[in-house]
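S.K.: For the sequence shown, my numbering puts the final residue at 167, and the numbers step up evenly by one. Every residue, glycine too, gets a C-beta built ideally from N, C-alpha and C. Structure below; questions to follow.
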Amino acid sequence: MPTFVVSIRLPESFDDDFIALIPRHRDFINRLLNEKIVETYAISSDRSRGWVTINGDDEAAVRAVVEQFPLYQFMHGVEIDELFIFDTVASRFPHISLN
69 MPTFVVSIRL PESFDDDFIA LIPRHRDFIN RLLNEKIVET YAISSDRSRG WVTINGDDEA
129 AVRAVVEQFP LYQFMHGVEI DELFIFDTVA SRFPHISLN
């Protein structure tokens, strides 16, 4: 299954409506992580941008997942790019320990 990276721009300030949705959003992301739909989820330290690595059949399928994010209405500048290579430490075999 292809892997895509989704780049997101977040609002400059977070109002009460945004903050109220954060727990629901995190629960949704955690469920997608457990289901291996989302591989990685990251937000920049200044909270202005985010990156989500998502497995999906095509860009339309990935966009459909992103549109379900509880915070989607606050996201702008959503870009979706299919990856040619996606290599991570987590996808490698664990190191063998003789202890």
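Cutting at 8 Å between CB atoms, please list the residues of its own chain near H93, excluding the five before and the five after it.
M.R.: Excluding sequence neighbours, H93 sits near F137, P138 and L139.
S.K.: Where does A158 sit, in a helix, a strand or coil, going by DSSP?
M.R.: Coil.
S.K.: Determine contact between the region 93 to 103 and the region 143 to 156, defined as no fewer than three beta-carbon pairs at a distance below 8 Å.
M.R.: Because the criterion of three Cβ pairs below 8 Å is not met, the region 93 to 103 and the region 143 to 156 do not touch.
S.K.: Just how far apart, CA to CA, sit I97 and I153?
M.R.: Rounded to the nearest angstrom, the two C-alpha atoms are 23 Å apart.
S.K.: Need the endpoints of the alpha helix (DSSP H) that F96 sits in, please.
M.R.: Taken as a continuous stretch (DSSP letters only), the alpha helix (DSSP H) holding F96 covers D84 to N102.
S.K.: Smallest Cα separation from Q141: which of M69, P79 and P70?
M.R.: Taking only the C-alpha atoms, the option nearest Q141 is P79.
S.K.: So, for V73: in the same chain, excluding its five sequence neighbours on each side, which residues have a beta-carbon less than 7 Å away from its beta-carbon?
M.R.: So the qualifying residues of the chain are W119, T121, D149 and L151.
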